[in-house]
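Heads up, the sequence shown is in my numbering, so the first residue is 19 and it goes up one at a time.
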Amino acid sequence: MVHAVLRFIHDHGSCSDLEHVNEVINAHGGSARLRDEVLRHAERCPVTAESFGHELALARYSPAQPATHAFLATAQLDAVWIHDGILDARDYKTGSRRTLRVADDPRAWVQAWVLGSIAQQKGLRLQLRYEHLAAEIDEDPEFWELDEEELNATEDRLRYEIIKIRETDSWAGVNEPTACQFCRYRSICPDSAAPGEATWLEIQPATSSAQ
Ligand code: SF4
Ligand SMILES: [Zn+2]
């Protein structure tokens, strides 16, 4: 919920305006925890920045020869700002911290590479930051700033991983009910421990009325 609320707050005002923040949170029936997360975000928000977008879904294609080395990557970005010559991408986190450096997280490799071409087109430096909004997390992971060399290295790293995936011909799913019940692939996965139930109408064979 914090992602949608922050988007609304930024679209209709500023997260540094406490009156606006309280109004939005109350209108959404928000909890004290949500309010705390929004206030923790406001401490690190680049409030004077230009917004490039919120909750963005972007894609980028990398052609290559042979064709099996080409790939298409998609990335979700919670908020992207432009300020001080920087394309500043933020990922809001409400759970535990899984990495000490954004640069070590494979999800960030994809986000960085997908955003990289936009940063280059606009002549901006690219930065990725994780904002840990839960009060239990004291410190964000070290942010990641990428120059052209780092962007090219990230593309090579992604291609290397994708080639490894394509060369693997034996796959086994985790077959674990807790993971499978929320998995978006469970309806087609042969290893699912929680196979999807069809929610669409099934066509029944016609019953014969001939006597
Ligand atoms: S449904 Fe399949 S792909 Fe999804 S978590 Fe379970 S085993 Fe993995
Ligand atoms: Zn903000």
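Backbone N, C-alpha and C fix where the C-beta goes; we use that ideal spot for every residue, glycine too. These figures come from a predicted structure and were not determined experimentally.
DSSP state of residue i mapped onto helix, strand, coil
i: E154; result: coil
i: F230; result: In the structure displayed, the chain extends from 19 to 229; residue 230 sits before or after that span and is not available.
i: F70; result: strand
i: I206; result: coil
i: V98; result: strand
i: A77; result: strand
i: C201; result: coil
i: A211; result: coil
i: N40; result: helix
i: H46; result: coil
Closest by C-alpha distance to residue i, when choosing among the options
i: W127; options: Q199, R175, W189 and H21; result: R175
i: R191; options: H150, V65, H101 and A212; result: One detail in the question is off: residue 191 reads as Gly in this sequence, not Arg. For G191, the nearest C-alpha among the options comes from A212.
i: G230; options: A22, L164, G141 and C207; result: There is simply no residue 230 to check, as the chain begins at 19 and stops at 229 in what is shown.
i: G141; options: N193, D165 and E194; result: D165
i: K111; options: E154, S80, S135 and Y79; result: E154
C-beta contact flag for residue i and residue j at 9 Å
i: L133; j: L90; result: no
i: A93; j: L76; result: yes
i: A107; j: L144; result: yes
i: L146; j: A130; result: yes
i: M19; j: H59; result: no
i: E73; j: H101; result: no
i: R62; j: D158; result: yes
Please determine if the stretch 83 to 94 and the stretch 43 to 58 are in contact, where contact requires at least 3 C-beta pairs separated by less than 8 Å.
no
Any chance you could list the alpha helix (DSSP H) runs of at least 4 consecutive residues sitting entirely within the stretch 104 to 183, in chain order?
124 to 140
Between the stretch 28 to 48 and the stretch 112 to 123, can you find at least three pairs of beta-carbon atoms closer than 8 Å?
no
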